[in-house]
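**Q**
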Amino acid sequence: MPSMSEGRSERGQSRRSPRRRSGRQGNSSRPQQRVEEPIVAEHFESTLPEGPLPSFAELGLADALIRSLVANEITEPFPIQAATLPDAMSGKDILGRGQTGSGKTLAFGLAMLSRLAGGRSMPNKPRGLILVPTRELAMQVETALMPHARSLGMWCRVVVGGTSFPRQVEHLRRGVDLLIATPGRLSDHVRQGTCDLGSVEITALDEADQMADMGFMPQVRAILDLTPQDGQRLLFSATLDGDVDKLVRQYLHSPVTHSVAPSTASVTTMEHHLLFVSAEDKQNVVTEVAAREGRTIMFVRTKHHVDRLAKKLRSVGVHAGALHGGKAQSARTRVLGEFREGTTPVLIATDVAARGIHVDDVSLVVHVDPPADPKDYLHRAGRTARAGQSGTVVTLVTHDQRRAVQGMAARAGIRPESTKVRPGDDELVRITGARTPSGEPVLEREKPARRGSSRRFGAPGAGSGRRSAEGGEFRSGPRRPSGDGGEFRGPRRTERAEGGRAFGRSERGGRPRRAPQH
Numbered sequence: 001m002p003s004m005s006e007g008r009s010e011r012g013q014s015r016r017s018p019r020r021r022s023g024r025q026g027n028s029s030r031p032q033q034r035v036e037e038p039i040v041a042e043h044f045e046s047t048l049p050e051g052p053l054p055s056f057a058e059l060g061l062a063d064a065l066i067r068s069l070v071a072n073e074i075t076e077p078f079p080i081q082a083a084t085l086p087d088a089m090s091g092k093d094i095l096g097r098g099q100t101g102s103g104k105t106l107a108f109g110l111a112m113l114s115r116l117a118g119g120r121s122m123p124n125k126p127r128g129l130i131l132v133p134t135r136e137l138a139m140q141v142e143t144a145l146m147p148h149a150r151s152l153g154m155w156c157r158v159v160v161g162g163t164s165f166p167r168q169v170e171h172l173r174r175g176v177d178l179l180i181a182t183p184g185r186l187s188d189h190v191r192q193g194t195c196d197l198g199s200v201e202i203t204a205l206d207e208a209d210q211m212a213d214m215g216f217m218p219q220v221r222a223i224l225d226l227t228p229q230d231g232q233r234l235l236f237s238a239t240l241d242g243d244v245d246k247l248v249r250q251y252l253h254s255p256v257t258h259s260v261a262p263s264t265a266s267v268t269t270m271e272h273h274l275l276f277v278s279a280e281d282k283q284n285v286v287t288e289v290a291a292r293e294g295r296t297i298m299f300v301r302t303k304h305h306v307d308r309l310a311k312k313l314r315s316v317g318v319h320a321g322a323l324h325g326g327k328a329q330s331a332r333t334r335v336l337g338e339f340r341e342g343t344t345p346v347l348i349a350t351d352v353a354a355r356g357i358h359v360d361d362v363s364l365v366v367h368v369d370p371p372a373d374p375k376d377y378l379h380r381a382g383r384t385a386r387a388g389q390s391g392t393v394v395t396l397v398t399h400d401q402r403r404a405v406q407g408m409a410a411r412a413g414i415r416p417e418s419t420k421v422r423p424g425d426d427e428l429v430r431i432t433g434a435r436t437p438s439g440e441p442v443l444e445r446e447k448p449a450r451r452g453s454s455r456r457f458g459a460p461g462a463g464s465g466r467r468s469a470e471g472g473e474f475r476s477g478p479r480r481p482s483g484d485g486g487e488f489r490g491p492r493r494t495e496r497a498e499g500g501r502a503f504g505r506s507e508r509g510g511r512p513r514r515a516p517q518h
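Residue numbers (UniProt numbering): 1 to 518.
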């Protein structure tokens, strides 16, 4: 079983010459004094290639990968891919920034697959690692990369909380080329000895700023300490302040910086509006906006508000789904699937739960509860206007919120159009496409009961079960804290002190199990 002081293997010495890094080195039990080197650019500048973008073939991708891309209707690279792929495929560390929906996943994913092609993974020893902040984002990264990995005869697997731990153990035992993981669940596997990071050649950190915001930096650093010191690192983040800057200085060696996105929400295809409403009119305005055509994401502050609003909208005929950290992983996956398919066109979500939502064709984002932090505004707004599409971002503002919201918008670097609206107003229709809902309640879909559930989990009405907020799901016993991507209530117990044991406690979903014996 690897410990915190183990893990720096000498594999890769022949691939690249060893590089000096600050922070923990090899099997040393004490971290060396960190050397502050000015390796991070103060400001990113666009690195868009001049003239027409090169083709995937000109970027050096293997023919099998190109055929796989074409089969998935991906024929031309996005700017961030054209900018980063050559450097990433040559083995350089990358520090990148691109707006959500800019094609970051394939930018680092294709580079990793190209560099790992032709190799063979050993049991419990992945060769590539992608760290992401939430379960939903991990699953979407797997969906994006799996067909291309298969074209090269490689395997991608996901390791996240809220899903079967024994099944993940079996996948790791069979060998994984590219592991996509959230920090908490990967820490569980390292602690249990079911995942050895000593053979990781390339590590990518996607949305590193969100991992910092969610309190995962102690676990991220502990994980990076267990990967080879000369391994390649690819880091993508919207911002480079605070913990992200420290991470870059400690773990990336002379990174090549690439950016094709501004640090604010000034995307030309995105419109921003402040809609001034009275407290009395707000709920009716929300209902009419939710009844519009097209995919819509509405953000509120708490998970209880998510459930209340979704229930109200369904009661008047709006197909709305609820997403927050209090939901079981199966329910969250189902809601996201229905939203992606279009059967549920409206998604009500909290900030943290929605950070893994990467769904195209979201034409409207509504801040029902305005965010206080401009970072939260930018993350929410990034759910629309993806991949060059247009989108609208609307913030509902009551009288007592005006000054705070206008200040937040200024700090976010946006200049929204301000409009006073009431239910049924022409301006409300023009900006959002609002319309009157049908008024016919949307019936909940009952999920079929699992065989034997009356004995094992407690039958409905027997007093031992509990119906989830979305209906159709029964859970027994005390409510457990959410895993990765859940509603954040502060760092986990094991994360409160950075110097503590980052791998000290399991975050497995479901009932506790004994550690598998090997």
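The C-beta atom is built at its ideal place from N, Cα and C for all residues, glycine as well.
Cα separation between Val442 and Val335?
**A** If I take the Cα positions, the gap works out to 15 Å.
**Q** Would you be able to state if there are at least three C-beta pairs under 8 Å between the segment 271 to 278 and the segment 297 to 306?
**A** Flag = no, the segment 297 to 306 and the segment 271 to 278 do not touch.
**Q** Work out the CA separation of Val362 and Ala331 for me, nearest whole Å.
**A** Taking the straight line from one Cα to the other gives about 21 Å.
**Q** Determine the DSSP secondary structure at Gln32, reduced to helix, strand or coil.
**A** Unreliable placement is indicated for Gln32, whose pLDDT of 35 sits below 50; the coordinate value is still reported in the next sentence. Three-state result, Gln32: coil.
**Q** Based on Cα-Cα distance, which residue from Glu73, Gly103, Ser68, Leu61 lies nearest to Pro79?
**A** Minimum Cα distance to Pro79 is reached at Gly103.
**Q** Is Ser363 helix, strand or coil by DSSP?
**A** Looking at Ser363 - three-state DSSP - the assignment turns out to be strand.
**Q** Below 8 Å CB to CB, which residues in the same chain sit around Pro54 once its five sequence neighbours on both sides are set aside?
**A** Counting only Cβ-Cβ distances below 8 Å, and skipping sequence neighbours, we find Pro77, Ala82.
**Q** Does His319 come out as helix, strand or coil in the three-state DSSP assignment?
**A** Three-state result, His319: coil.
**Q** Given that a residue counts as buried once 16 or more other Cβ atoms are within 10 Å of its Cβ, and exposed if not, what is Asn72?
**A** Per the 10 Å Cβ criterion, exposed.
**Q** Among the candidates Leu116, Pro218, Leu347, whose CA atom is the shortest distance from the CA of Leu179?
**A** The residue with the shortest Cα to Cα distance from Leu179 is Leu116.
**Q** With 16 other CB atoms within 10 Å as the buried threshold, where does Pro70 fall?
**A** The sequence shown places Val at residue 70, rather than the Pro named in the question. So Val70 counts as exposed.
**Q** Sorry if obvious, but does the Cβ on Met139 come closer than 8 Å to a heavy atom of the ligand ATP?
**A** With respect to the ligand ATP, the structure shown offers nothing to examine, as it has no ligands at all.
**Q** Which parts of the UniProt domain "DEAD-box RNA helicase Q" (54 to 82) are runs of the alpha helix (DSSP H), unbroken and 4 residues or longer, counting only runs that do not cross its ends?
**A** Counting only runs of 4 or more, we get 63 to 71.
**Q** If you drop the 5 nearest sequence neighbours on each side, which residues of the same chain put their C-beta closer than 8 Å to that of Pro147?
**A** Cβ neighbours of Pro147 beyond the five flanking positions: Ser68, Ala71, Asn72.
**Q** Mind listing, in chain order, the continuous alpha helix (DSSP H) runs of no fewer than 4 residues lying wholly within the segment 269 to 341?
**A** Those alpha helix (DSSP H) runs which fall completely within the segment 269 to 341 and span 4+ residues are 282 to 290, 303 to 315, 329 to 341.
**Q** Could you check what DSSP says for residue 562 in three-state terms: helix, strand or coil?
**A** Summary: the structure shown does not reach residue 562, with the chain confined to residues 1 through 518, and so no result is reported for it.
**Q** Could you tell me whether the Cβ atoms of Met298 and Ile202 are closer together than 9 Å?
**A** Not in contact: Met298 and Ile202 (Cβ atoms no closer than 9 Å).
**Q** Work out the CA separation of His319 and Thr344 for me, nearest whole Å.
**A** Going from the Cα of Thr344 to the Cα of His319 covers about 5 Å.
**Q** Does any residue of chain B have a CB that is nearer than 9 Å to the CB of Phe339?
**A** Any reference to chain B falls outside this structure, which holds one protein chain only.
**Q** Go ahead and label Met122 buried or exposed: buried means 16 or more other beta carbons lie within 10 angstroms of its beta carbon, across all protein chains shown.
**A** Classification of Met122: exposed, given that the 10 Å Cβ count is below 16.
**Q** Assuming Glu293 and Ala434 make a contact with CB atoms under 8 Å, what is their CB distance in whole Å?
**A** About 10 Å; that fails the 8 Å criterion.
**Q** Does the contact criterion of 3 or more C-beta pairs under 8 Å hold for the segment 225 to 244 versus the segment 199 to 217?
**A** Yes, the segment 225 to 244 touches the segment 199 to 217.
**Q** My guess is that Val368 and Val286 are in contact by the Cβ rule of under 8 Å, so how many angstroms apart are they, rounded?
**A** Yes, Val368 and Val286 are in contact; Cβ-Cβ is about 6 Å, under 8 Å.
**Q** From Gly465 to Thr333, what distance separates their C-alpha atoms?
**A** Only weak support is given to the placement of Gly465: the predicted model assigns it a pLDDT of 40, under 50, and the value that follows is read from those uncertain coordinates. The straight-line gap from Cα to Cα measures roughly 21 Å.
**Q** Alpha helix (DSSP H) containing residue 531: first to last residue?
**A** Residue 531 is absent from the structure shown; the chain starts at 1 and stops at 518.
**Q** Just to confirm the assignment, what range does the alpha helix (DSSP H) spanning Arg184 have?
**A** The residue you asked about is not Arg; residue 184 is Gly in the sequence shown. Counting along the chain, the alpha helix (DSSP H) containing Gly184 begins and ends at 183 to 192.
**Q** Are the beta-carbon atoms of residue 530 and Ile223 separated by less than 9 Å?
**A** Residue numbering for the chain in the displayed model covers 1 to 518; residue 530 lies beyond these limits and cannot be assessed.
**Q** Look up Arg233 in the DSSP assignment and say whether it is helix, strand or coil.
**A** Arg233 falls in the strand class under three-state DSSP.
**Q** To which residues of the same chain is Glu487 closer than 6 Å at the C-beta, ignoring the five residues directly before and after it?
**A** The predicted model places Glu487 with a pLDDT of 39, which falls under 50 and marks its position as unreliable; any figure quoted below should be read in that light. Closer than 6 Å at the Cβ level, and outside the excluded window around Glu487, lie Lys303, His324, Gly325, Thr350, Val352.
**Q** Helix, strand or coil for Leu172? Go by DSSP, reduced to three states.
**A** DSSP places Leu172 in helix when its eight states are reduced to three.
**Q** Give the single residue among Asp177, Pro228, Met214, Ala138 whose Cα lies nearest to the Cα of Asp376.
**A** Per the Cα distances, Met214.
**Q** Please give the ranges of any alpha helix (DSSP H) in the segment 93 to 177, keeping only runs that are unbroken, at least 4 residues long and fully inside the region.
**A** The qualifying runs are 104 to 116, 135 to 151, 165 to 174.
**Q** Please name the residue in Val421, Ala88, Ser199, Leu65 whose C-alpha comes closest to that of His253.
**A** It is Ala88.
**Q** Here's a check: name, in chain order, each residue in its chain whose Cβ is nearer than 7 Å to the Cβ of Gly119, leaving out the five neighbours to either side.
**A** For Gly119, where only same-chain residues beyond five positions count, the Cβ hits under 7 Å are Arg127.
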